[in-house]
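Numbers 5 to 141, taken from the working numbering, label the letters of the sequence shown in order.
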Amino acid sequence: MAKDVLFQNNAAEMRAQVAKLGLAAVLAYGLFDGITYTTFFVLAFLGYEKSTGKNPAANIQALIGIVILMWTGNNVTRPFRVAGAAALAPIVDKALQKIQKTLNLPNQVFAFMAVVATVASLCLLVVGLLILSRWGK
């Protein structure tokens with residue numbers, strides 16, 4: 005129990021450090037998060053399917069187990085994602101400026117929201133298509 009609280013405090017502290025770096029760092033961290041969560045889900049899903057020969061999409065308990073495995077794998081990568089977000093923040097900031105200018109948006113917050121919506125949609129699309137491709141099999 006104490007270990008969980010310590011881990012949660014550490015995670016919150018890391019997120020606060022990224023937030024201090026600005027909107028671009030927060031977006032970079034979110035991009036890493038979306039990519040790693042999606043990747044770990046796909047790998048866990050396919051790994052479960054291959055190791056058991058069963059369709060995880062037809063078993064809610066298997067899907068919950070996959071989500072837990074995905075979350076665990078993602079927590080291992082947190083320090084790398086924070087460091088990567090800090091390193092990529094200047095590049096992401098330039099990209100946000102370019103998106104803002106190209107789409108004639110009033111400020112970077114709108115560019116941020118556009119990127120978040122696009123990446124979230126793509127991640128959900130990948131996961132959804134994987135589940136639907138196995139549905140009913």
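Heads up, the beta-carbon is just placed ideally off N, CA and C, and yes, glycines get one too.
The continuous alpha helix (DSSP H) containing Trp75 extends over residues 64-80. In its chain, beyond the 5 residues on either side, Ala61 have a beta carbon closer than 7 Å to the beta carbon of Ile135.
Per DSSP, the unbroken alpha helix (DSSP H) holding Ala32 starts and ends at 27-56.
In this model, Gly51 and Gln104 are separated by some 40 Å (Cα to Cα). Annotated as proximal: Asn78 and Tyr41, with beta-carbon spacing under 8 Å.
Cβ atoms of Ala115 and Leu100 come within 8 Å of each other, at about 5 Å. With a threshold of 16 other beta carbon atoms within 10 Å, Ala121 falls short and is exposed. Between the segment 33-40 and the segment 86-95 there are three or more inter-stretch CB-CB distances shorter than 8 Å, so the stretches are counted as touching.
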